[in-house]
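Undergrad: Under full-length UniProt numbering, the very last position in the sequence shown is 363; numbers go up by exactly one each time.
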Amino acid sequence: MGQHRAYNFNAGPAALPLAVLERAQAEFVDFQEQGMSIMEMSHRGAVYEQVHNEAKQLLKELLGIPSGYDVLFLQGGASTQFAMVPMNLLSEGKVGAYVHTGSWAEKAIKEAELIGATRVIASTEADRFMRVPAPEEVVVPEDAAYVHITSNETIGGTQYSAYPDSGSVPLIADMSSDILCRPVDVSKFGMIYAGAQKNLGPSGVTVVIAKEDLIASSPKTIPSMLRYSTHYKNNSLYNTPPSFSIYMVNLVLQWLKERGGLEQVERDNLAKAELLYSTIDASGDFYRGCAERGSRSLMNVTFRLADEELEKAFIKQAGEAGFVGLKGHRSVGGLRASIYNAVPYESCEALAQFMKHFQQRNG
Ligand SMILES: *Cc1c(COP(=O)(O)O)cnc(C)c1O
């Protein structure tokens with residue numbers, strides 16, 4: 001059977017590196033001569049624990065996570081973090097301060113409102129979320145328990161190039177769709193969280209990187225599983241972790257390290273994004289980029305055509321040519337190419353070619 005790999009531009013779950021899939025396939029049935037797969041063994045055994053700790057260590061190494069921080073592997077997706085953040089960190093008399101940049105920020109805000117006092121301290125709604133705020137637009141109130149941002153809005157296709165300065169108030173970022181796409185100064189953040197299924201691995205695990213003083217103790221009024229302290233004190237092994245997902249994350253992290261680390265990953269991501277954005281910008285007005293130039297995402301390239309009819313034709317013909325996942329999110333329409341770390345330059349080249357040909361036929 002020939003191996004067919006699509007030009008995969010899915011938004012999430014998304015493309016994984018072929019080398020990682022092949023490695024997982026090779027060790028799938030008999031992991032390290034244990035006579036069983038990694039999924040079939042105890043999470044309390046030395047073999048699994050080594051994988052678990054290696055994934056943690058690699059993440060610390062790749063991101064240059066300073067001492068005083070820890071890494072947690074949780075379940076429930078980034079969506080559960082929308083609730084866990086205020087449950088654990090929003091104390092009486094304080095407000096959760098949120099920067100509203102689109103669909104994902106809004107979900108985080110809605111959950112926080114269920115838990116405690118929240119305030120939107122900056123919003124780009126007036127610009128239909130086609131940009132992120134400049135650092136100086138974000139003014140941190142004195143009673144803020146934390147400032148929450150969404151580093152990359154996966155649906156709108158916007159991303160910060162400079163993060164707001166939250167001073168002594170912890171800055172918390174939902175980095176689900178751009179973690180590890182470039183180097184980041186972790187010391188600027190109190191917490192970073194990300195569902196794995198875009199840039200880290202398969203679905204099923206959520207990575208939380210946090211300052212230890214934020215997660216070492218949690219209110220006793222919330223259920224054990226929802227306390228950061230429970231997972232912090234137990235090396236994310238309080239209950240059964242999503243062991244296969246963590247194993248896959250470990251393979252992705254090894255692959256990133258072998259590629260040369262995050263500086264190289266950023267160079268590659270810039271090349272891919274520039275190729276697609278320049279194709280859009282050189283098309284006259286045939287393709288129209290959605291995000292404002294200064295806020296364009298390296299990960300999710302969103303664009304539109306003159307009308308929905310033409311967009312439908314684009315998606316249909318792209319599908320016939322082997323391109324997958326180019327339809328924009330149902331809430332905004334249009335087109336979106338998600339070009340996460342694992343999407344090869346060649347896929348972007350093929351898409352740019354297709355876009356030019358489609359324009360020639362329909363322009
Ligand atoms: C996909 C996504 C989420 C949701 O993640 P789940 O793991 O499905 O809960 C949250 N935030 C951002 C920015 C996302 O891209």
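Note that beta-carbon positions come from the ideal geometry of N, C-alpha and C, so glycine has one too. This structure is a prediction, so every number in the text was calculated from the model and none was measured.
What number of angstroms, rounded off, separates the C-alpha of residue 157 from the C-alpha of residue 264?
TA: Looking at the two C-alpha atoms, the distance is approximately 22 Å.
Undergrad: Have a look at 357, 359, 323 and 352 and flag the residue whose alpha-carbon is nearest the alpha-carbon of residue 11.
TA: Residue 11 has its Cα closest to that of 323, out of 357, 359, 323 and 352.
Undergrad: Using only CA atoms, which one of 258, 336 and 184 lies nearest to residue 289?
TA: For the residues 258, 336 and 184, the minimum Cα distance to residue 289 belongs to 336.
Undergrad: Report all residues from its chain with a CB closer than 6 Å to the CB of residue 295; omit the five preceding and five following residues, and keep chain order.
TA: 131, 132 and 158.
Undergrad: Taking only heavy atoms of ligand 1 into account, decide whether any of them is closer than 8 Å to the Cβ of residue 197.
TA: Residue 197: yes, Cβ under 8 Å from ligand 1.
Undergrad: Enumerate in chain order the residues of its own chain whose CB-to-CB distance from residue 106 is below 8 Å, with the five nearest sequence positions on each side excluded.
TA: Once the five neighbours on either side are set aside, the close Cβ partners of residue 106 are 100.
Undergrad: Tell me which same chain residues have a C-beta within less than 7 Å of the C-beta of residue 5, skipping the five on either side of it?
TA: So the qualifying residues of the chain are 18.
Undergrad: Cutting at 6 Å between CB atoms, please list the residues of its own chain near residue 179, excluding the five before and the five after it.
TA: Same-chain partners within the cutoff: 194 and 199.
Undergrad: Less than 8 Å separating the Cβ of residue 255 from some heavy atom of ligand 1?
TA: Flag unset: Cβ of residue 255 not near ligand 1.
Undergrad: To the nearest angstrom, report how far apart residue 367 and residue 362 are at their CA atoms.
TA: Here the chain comprises residues numbered 1 to 363, so residue 367 is not present and cannot be evaluated.
Undergrad: Can you check the stretch 182-207 for any beta strand (DSSP E) of at least 3 residues that lies completely inside it and give the ranges in chain order?
TA: Fully enclosed beta strand (DSSP E) runs of 3 or longer: 191-195.
Undergrad: Along the chain, where does the beta strand (DSSP E) containing residue 150 start, and where does it finish?
TA: Segment 144-150, the beta strand (DSSP E) holding residue 150.
Undergrad: If we ignore side chains and look at the alpha-carbon of each, how far apart do residue 1 and residue 25 end up?
TA: Reliability fails at residue 1, whose pLDDT of 49 lies under 50, so the model's placement of it is uncertain and the value that follows must be treated cautiously. Straight-line Cα distance between these residues: approximately 16 Å.
Undergrad: Considering residue 100, what are the terminal residues of the beta strand (DSSP E) in which it resides?
TA: It spans 95-100 - the beta strand (DSSP E) in which residue 100 sits, taken as one unbroken run.
Undergrad: So residue 96 and residue 117 are supposed to be a Cβ contact under 8 Å. How far apart are they, rounded?
TA: That pair is a contact at about 7 Å.
Undergrad: Rank 69, 44 and 35 by C-alpha distance to the C-alpha of residue 56 and give the top, closest one.
TA: Comparing Cα-Cα distances from residue 56 to each of 69, 44 and 35, the minimum goes to 69.
Undergrad: Taking the straight line between their C-alpha atoms, what separation do you get for residue 137 and residue 238?
TA: The alpha-carbon atoms of residue 137 and residue 238 are separated by roughly 41 Å.
Undergrad: Tell whether a beta-carbon distance below 9 Å holds between residue 222 and residue 210.
TA: Result no, Cβ atoms of residue 222 and residue 210 do not sit closer than 9 Å.
Undergrad: So, helix, strand or coil for residue 348, using DSSP?
TA: The answer is helix: DSSP assigns residue 348 an H, G or I state.
Undergrad: Quick one: what does DSSP say residue 18 is sitting in, helix, strand or coil?
TA: Helix at residue 18.
Undergrad: Between residue 331 and residue 155, which are expected to be in contact by the criterion C-beta below 8 Å, what is the C-beta distance as a whole number of angstroms?
TA: So it is a contact: roughly 6 Å between Cβ atoms.
Undergrad: Answer yes or no: the CB of residue 245 versus the heavy atoms of ligand 1, is any distance below 8 Å?
TA: No, since every heavy atom of ligand 1 falls outside the 8 Å radius drawn around the Cβ of residue 245.
Undergrad: In this structure, does DSSP put residue 85 in helix, strand or coil?
TA: The answer is helix: DSSP assigns residue 85 an H, G or I state.
Undergrad: On a Cα-Cα basis, can you pick out the residue from 142, 31, 63 and 35 that is closest to residue 50?
TA: Answer by Cα proximity: 31.
Undergrad: Taking all protein chains shown into account, decide if residue 343 is buried (16 or more other Cβ within 10 angstroms of its Cβ) or exposed.
TA: With 16 or more other Cβ atoms within 10 Å, it is buried.
Undergrad: With a cut-off of 8 Å on the beta carbons, I'd call residue 171 and residue 276 a contact; round off their distance for me.
TA: So it is not a contact: roughly 30 Å between Cβ atoms.
Undergrad: On the three-state DSSP scale, how would you describe residue 1?
TA: The pLDDT assigned to residue 1 is 49, lower than 50, so where the model puts this residue is not dependable, and the model offers no usable value.
Undergrad: So within the stretch 149-173, which uninterrupted beta strand (DSSP E) runs reach at least 3 residues, ignoring any that extend past its ends?
TA: Here no run is fully enclosed.
Undergrad: Can you tell me where the beta strand (DSSP E) holding residue 336 begins and where it ends?
TA: Looking at the DSSP string, the run of the beta strand (DSSP E) that includes residue 336 is 335-338.
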